[in-house]
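One line per chain: the protein sequences are A and B, in this order.
If you read the first sequence in the working numbering, its first letter stands for residue 621, the second for the next number, and so on.
If you read the second sequence in the working numbering, its first letter stands for residue 621, the second for the next number, and so on.
2 protein chains.
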Amino acid sequence: MKVTLNTDVLSTNNQAADLNRELFNNTKTLVINVMSSPGAGKTTLLEETVRELSSKYRIGVIEGDLATDRDANRVRAMGAQAVQINTNGGCHLDAKMVSKSLQQLNLEKIDILFIENVGNLVCPSGYDLGQHHKIVVLSIPEGNDKIPKYPQMFMRTELVLLNKLDLLPYMDFDVETAKKDLAAINPDSRMIPLSAKTKEGLEEWFSWIEGAYQQCLEQLK
Amino acid sequence: MKVTLNTDVLSTNNQAADLNRELFNNTKTLVINVMSSPGAGKTTLLEETVRELSSKYRIGVIEGDLATDRDANRVRAMGAQAVQINTNGGCHLDAKMVSKSLQQLNLEKIDILFIENVGNLVCPSGYDLGQHHKIVVLSIPEGNDKIPKYPQMFMRTELVLLNKLDLLPYMDFDVETAKKDLAAINPDSRMIPLSAKTKEGLEEWFSWIEGAYQQCLEQLK
Chain A
621 MKVTLNTDVL STNNQAADLN RELFNNTKTL VINVMSSPGA GKTTLLEETV
671 RELSSKYRIG VIEGDLATDR DANRVRAMGA QAVQINTNGG CHLDAKMVSK
721 SLQQLNLEKI DILFIENVGN LVCPSGYDLG QHHKIVVLSI PEGNDKIPKY
771 PQMFMRTELV LLNKLDLLPY MDFDVETAKK DLAAINPDSR MIPLSAKTKE
821 GLEEWFSWIE GAYQQCLEQL K
Chain B
621 MKVTLNTDVL STNNQAADLN RELFNNTKTL VINVMSSPGA GKTTLLEETV
671 RELSSKYRIG VIEGDLATDR DANRVRAMGA QAVQINTNGG CHLDAKMVSK
721 SLQQLNLEKI DILFIENVGN LVCPSGYDLG QHHKIVVLSI PEGNDKIPKY
771 PQMFMRTELV LLNKLDLLPY MDFDVETAKK DLAAINPDSR MIPLSAKTKE
821 GLEEWFSWIE GAYQQCLEQL K
């Protein structure tokens, strides 16, 4: 019974995700689903990303949180079109929530759309939102054991942004171990160590986005 | 339909939780359900707690993780009876998982049992495990906005351990704001700032446990 239910829930979600994807492709909007633990620094990273790229691209952000509209206000202040989804206790975004929130965005005027998922290293990994890319932000203070301990999340991502690199001197964290752990469960993924605070490593992340956008346009030709 | 299902799931869980609680009361075992985001430092805090209290009390730990038995091994090395639950993707412990894991512990020989829940600031808050107390570990690097952004978790706890106080000099975090935010949504709760690394503030946490244990014995007389 439980399995049937989960299958149904996921199948309904996948149908909505496919519709979202069709819409994103029609408007040539690159969509990136950003996931992490609470407090890994997703919003600060998106603030820096919007600040850097908004002179060149039209950026949109969908913010997912249990409560408050703080995050949408933060990225809007940096120049993004932004909409806040409140899940009211729900532990992840789903494709229908995203679909509904799209009514408040003009996709025709968005080149790159970031979807900041609810802070949670478990539930968001199973839900397709119709995005082109799934990425995970992992932060140094969370410790070296998170990749083996939350394998479902890290198996399904193509890029891990290792954030808060500025805190490395104060923590027992080994970047090479994290890279090896990621390669062991997900050999096709990539890790970019960076700090949204000091801006170290951000160039590599911005280049990744620009590459993904060009590739998206090529594929939609 | 969705509401009915959730009610059923929670009602089944509550029945199992009541049975757990009866068992804990029969063996006079104080049980504390410890919740937090991934990487807030629950296991390090429990290591220090077992190290400090195991000369005076017989300590048990149930470790909940998606994968690996790393955490059970860590607290066992400090002298606790420990059992690992792997949820294989599940985002929280439930009362039945705890009940099953109790077969591997001798409750008659445990005075204080900690249940370390899956690292997740959302899902574990709704599930009664049969514990006497629910507490949340929040860490400084997660940032000042977590209490208003994850209200369901902080509304249902009686104690927040504000961990990684040693990182305060390197972060934009205001302890007084966190205390005010907690008081606003949960006036009966208490916050203890501490650092499992430098041991600052740990005495207050140990005293809280000892007080809770004495109170538990009084109530079970």
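Beta carbons are placed, not taken as given, at the ideal position from N, Cα and C, and that holds for glycine.
Quantities reported herein were computed from a predicted structural model and do not represent experimental measurements.
Let me make sure I understand the geometry here. Which of the options has the alpha-carbon closest to that of residue i?
| i | options | result |
| --- | --- | --- |
| A/L570 | A/R641, A/T627, A/R694 and A/V629 | A question about residue 570 of chain A goes unanswered here, because the residues of chain A that appear run from 621 up to 841. |
| B/V703 | B/G709, B/D685 and B/H712 | B/D685 |
| B/T649 | B/D748, B/I679 and B/N764 | B/I679 |
| B/L837 | B/K766, B/L639, B/N626 and B/V651 | B/V651 |
| A/D792 | B/N693, B/E796, B/N708 and B/K817 | B/K817 |
| B/V780 | B/G763, B/V757 and B/P658 | B/V757 |
| A/R696 | A/S815, A/T669, A/S631 and A/K716 | A/T669 |
| A/K720 | A/K729, A/T707, A/V654 and A/R690 | A/T707 |
| A/M655 | A/C743, A/G709, A/R694 and A/V629 | A/C743 |
| B/M717 | B/R776, B/E736, B/I730 and B/I812 | B/E736 |
| B/I829 | B/K784, B/K766 and B/I755 | B/I755 |
| A/E667 | A/T647, A/M698 and A/I682 | A/M698 |
| B/R690 | B/Q724, B/T664, B/W825 and B/N645 | B/T664 |
| A/K662 | B/E762, B/G831 and B/K662 | B/E762 |
| B/Q635 | B/G659, B/D801, B/L741 and B/Y747 | B/Y747 |
| B/K619 | B/L814, B/L749, B/I805 and B/P789 | Residue 619 of chain B cannot be examined here, being either before or after the span of chain B that is shown, 621 to 841. |
| B/S815 | B/N783, B/S631 and B/M773 | B/N783 |
| A/Y677 | A/T688, A/E683, A/I760 and A/F734 | A/F734 |
| B/D808 | B/S745, B/D786, B/E778 and B/L722 | B/E778 |
| A/L802 | A/H753, A/E823, A/P771 and A/D786 | A/P771 |
| A/L713 | A/Q723, A/K729 and A/E683 | A/E683 |
| B/V738 | B/F826, B/G710 and B/Q701 | B/G710 |
| B/L820 | B/V629, B/I730 and B/L788 | Reading off the sequence, residue 820 of chain B comes out as Glu, not Leu. Minimum Cα distance to B/E820 is reached at B/L788. |
| A/T647 | A/L725, A/M811, A/F774 and A/E672 | A/L725 |
| B/Q751 | B/V681, B/P813, B/A700 and B/S674 | B/V681 |
| B/P813 | B/V795, B/D628, B/K841 and B/L630 | B/V795 |
| B/R776 | B/N653, B/T688 and B/L785 | B/N653 |
| B/A700 | B/R671, B/T688 and B/Q723 | B/R671 |
| B/N645 | B/I732, B/S631, B/A660 and B/D786 | B/I732 |
Name the one or two DSSP bridge partners that residue i has.
| i | result |
| --- | --- |
| B/D628 | None; B/D628 has no bridge partner. |
| B/N653 | B/I735 and B/K754 |
| B/V681 | B/A702 and B/F734 |
| B/P813 | B/L782 |
| B/S827 | Answer by DSSP bridge pairing: none, since B/S827 is not bridged. |
Grouping DSSP H, G and I as helix and E and B as strand, with all else coil, what is residue i?
| i | result |
| --- | --- |
| A/A702 | strand |
| A/R671 | helix |
| B/V742 | coil |
| A/S721 | helix |
| B/M621 | Because the pLDDT at B/M621 is just 38, under 50, the model does not fix this residue reliably, and the point stays unresolved. |
| B/A637 | helix |
| B/L840 | coil |
| A/A832 | helix |
| A/A660 | coil |
Who are the neighbours of residue i on chain A, taking C-beta pairs under 7 Å?
| i | result |
| --- | --- |
| B/E762 | P658 and G659 |
Please compile the residues from chain B whose C-beta is within a distance smaller than 9 Å of the C-beta of residue i.
| i | result |
| --- | --- |
| A/L787 | P761, L787, Y790 and M791 |
| A/R690 | D765, P768 and K769 |
Using a cut-off of 8 Å between C-beta atoms, extract the partners of residue i located in chain A.
| i | result |
| --- | --- |
| B/A687 | P768, K769, Y770 and P771 |
So which residues of chain A does residue i contact, with C-beta pairs closer than 9 Å?
| i | result |
| --- | --- |
| B/K784 | P761 |
| B/G821 | By Cβ distance, chain A contributes nothing, its closest Cβ being about 18 Å from B/G821, past 9 Å. |
| B/V742 | P658, L686, T707, G709, G710, C711, H712, V738, G739, N740, V742 and C743 |
Looking at the ligand NAP, does it come within less than 6 Å of residue i, judged from the CB to the closest heavy atom?
| i | result |
| --- | --- |
| B/K754 | This structure lacks the ligand NAP; in fact it carries no ligand of any kind. |
At 8 Å on the CB atoms, spell out the chain B contacts of residue i, in chain order.
| i | result |
| --- | --- |
| A/N749 | Note on identity: in this sequence residue 749 of chain A is Leu, with Asn being the wrong assignment. Those within 8 Å of A/L749 in chain B number zero; the least Cβ separation is about 17 Å. |
(request) Pick out the complete alpha helix (DSSP H) segments inside the stretch 777 to 811 of chain B, 4 residues or longer, and give them in chain order. (result) 795 to 805
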